[in-house]
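Undergrad:
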Amino acid sequence: MTPHPVLRRMLLAALGTLALSGCLSTAKSIVTAPVKVAGKSVDLMTTSQSEADENRGRNMRHREERLGDVEKSYARHIRQCQNGNEDACYTARTEYGEIQNLRASLPPR
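Taking the numbering used here, the leading residue of the sequence shown gets 1, the next gets one more, and so forth.
1. How big is the Cα-Cα spacing for Arg-63 and Thr-94?
2. So what does DSSP say about Ser-109, is it helix, strand or coil?
3. Would you kindly check if the distance between the Cβ of Arg-66 and the Cβ of Leu-102 is under 8 Å?
4. Between Met-10 and Thr-26, what straight-line distance do the alpha-carbon atoms span, to the nearest angstrom?
5. What does the alpha-carbon distance come out to for the pair Thr-91 and Thr-46?
6. State the DSSP-derived secondary structure class of Gly-84, mapped to helix, strand or coil.
7. Going by CA-CA distance only, name the one from His-4, Pro-34, Glu-98 that's closest to Val-70.
8. For His-77, count neighbouring Cβ atoms within 10 angstroms of its own Cβ and tell me buried if that reaches 16, exposed if not.
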């Protein structure tokens, strides 16, 4: 006994829909994959504004710390230079140049 033709068509339509839903999902994944990969690579290559601000602040703190260290060393070498130590005079001149460069790279106080 064969099923009724209308019932057979409905059964085939239901099976076809189930079979195609997996294909459509796979096709969608394949089509959108390049877009997702491109988006990820752009995210990895670019720095967000907050990351850039953090990096800028970190670099500024490092320069300020270095400036403080060099100023302290400069003061010590100036004292030694005034006491007649020629090597300290040369070192103080070098440190003075570094202090000027560091100050130029920082915002005004």
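Ideal Cβ positions, reconstructed from N, Cα and C, are used throughout, including at glycine. Predicted, not measured: the structure shown is a model, and the values here were computed from it.
TA: So, from the listed chains and residues:
1. 17 Å
2. For the record, residue 109 in the displayed sequence is Arg; it is not Ser. It is coil, neither helix nor strand.
3. yes
4. 25 Å
5. 42 Å
6. coil
7. Glu-98
8. buried
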